[in-house]
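Remarks on the structure that follows.
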Ligand SMILES: [Zn+2]
Ligand SMILES: [Zn+2]
């Protein structure tokens, strides 16, 4: 597959551009991020997480500002396309983004706004649900059995934008999956795992204890699943084929975001038996 054929959401392209304008180089940085990372021996992962979180913040902030301006100026009181000039003015007057990147950022913001306004047709939703039900697919995020009759408040099968629609995620089929309503609600408009409240640490440290899973909030679980690409990090088995559980990388350390990954049942059982043998 060539580069051009891989679909990228407008919001993803904008986030990539902002990430390259404000690139983070762990080899030369001596920022507060790096020093904190070093303090907890995070091998650069904490610094990257903090950087990623800020790039997402900037992306979200620009998209919401552009949307706000569009709502204000895209109506009968103003000439056609007037809001585009207003978004440009905003970038000039209210930001210090590099001027040679401004028109590119503006073009991407406009693409995000049009993706936002394209809704998934009812027919597509119905077709995707029918196929998912026929194939026995489970929620692509949590692996639960979804309710295809759409009666259940939490388990109803929803057509989900992997890259959120409000953040410039398009209705292209590669960006659409079937999830339960609860996951879709909790995933909110988060673009990737650093958007979640990732350091809501679980205090229960008993491996495999029922309490452990119960005390993890849905959002924390979704953050780890998002980080692991909604699939087992060892074999790639997706959540849509079965629930993914959690294990720690370093069993002497706490259950915190950077120490957790998602695994399929089979690999989870292997990891847990190794842990038992070694203890
Ligand atoms: Zn779910
Ligand atoms: Zn696996």
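Residue numbers (our numbering): 104 to 382.
Each residue gets a CB set at the ideal place from its N, CA and C atoms; glycine is no exception.
Expected contact under 8 angstroms - CB spacing of residue i and residue j to nearest Å
i: residue 245; j: residue 342; result: 6 angstroms
i: residue 349; j: residue 327; result: 6 angstroms
i: residue 163; j: residue 249; result: Not really, about 28 angstroms apart at Cβ, beyond 8 angstroms.
i: residue 209; j: residue 173; result: Actually they do not touch by this definition, with Cβ atoms about 12 angstroms apart.
Rounded separation between residue i and residue j - CA only
i: residue 156; j: residue 334; result: 22 angstroms
i: residue 355; j: residue 376; result: 16 angstroms
i: residue 128; j: residue 144; result: 18 angstroms
i: residue 134; j: residue 147; result: 12 angstroms
i: residue 116; j: residue 380; result: 47 angstroms
i: residue 151; j: residue 260; result: 34 angstroms
i: residue 279; j: residue 303; result: 28 angstroms
i: residue 211; j: residue 298; result: 21 angstroms
i: residue 296; j: residue 289; result: 12 angstroms
i: residue 386; j: residue 169; result: The chain is shown from 104 up to 382; residue 386 falls before or after that span and cannot be answered.
i: residue 235; j: residue 241; result: 8 angstroms
i: residue 396; j: residue 223; result: The requested residue 396 does not occur in the structure, where the chain is confined to residues 104 to 382.
i: residue 121; j: residue 158; result: 7 angstroms
i: residue 324; j: residue 183; result: 45 angstroms
i: residue 205; j: residue 374; result: 49 angstroms
i: residue 108; j: residue 275; result: 12 angstroms
i: residue 358; j: residue 167; result: 34 angstroms
Residue i, buried or exposed, once every other Cβ within 10 Å from all chains shown has been counted against 16
i: residue 137; result: buried
i: residue 104; result: Annotation note: pLDDT 46 at residue 104 (below 50); position unreliable, no value reported.
i: residue 386; result: With the chain covering only 104 through 382, there is no way to say anything about residue 386.
i: residue 301; result: buried
i: residue 372; result: exposed
i: residue 330; result: buried
i: residue 202; result: exposed
i: residue 126; result: exposed
i: residue 263; result: buried
Below-8 angstroms beta-carbon distance, residue i vs any chain D residue
i: residue 327; result: Although the question refers to chain D, the structure presented lacks it and comprises just one protein chain.
Sequence-ordered residues whose beta carbon comes within less than 7 angstroms of a heavy atom of ligand 2: 335, 337, 338, 340, 366, 367, 369, 370
Flag this pair as touching only if the region 281 to 292 and the region 248 to 267 have three or more C-beta atom pairs under 8 angstroms; answer yes or no. yes
Using the beta carbon as the reference atom, which residues fall closer than 6 angstroms to any heavy atom of ligand 1, ordered along the chain? Environment of ligand 1, chain-ordered: 242, 244, 245, 247, 282, 283, 285, 286, taking every residue with Cβ within less than 6 angstroms of a heavy atom.
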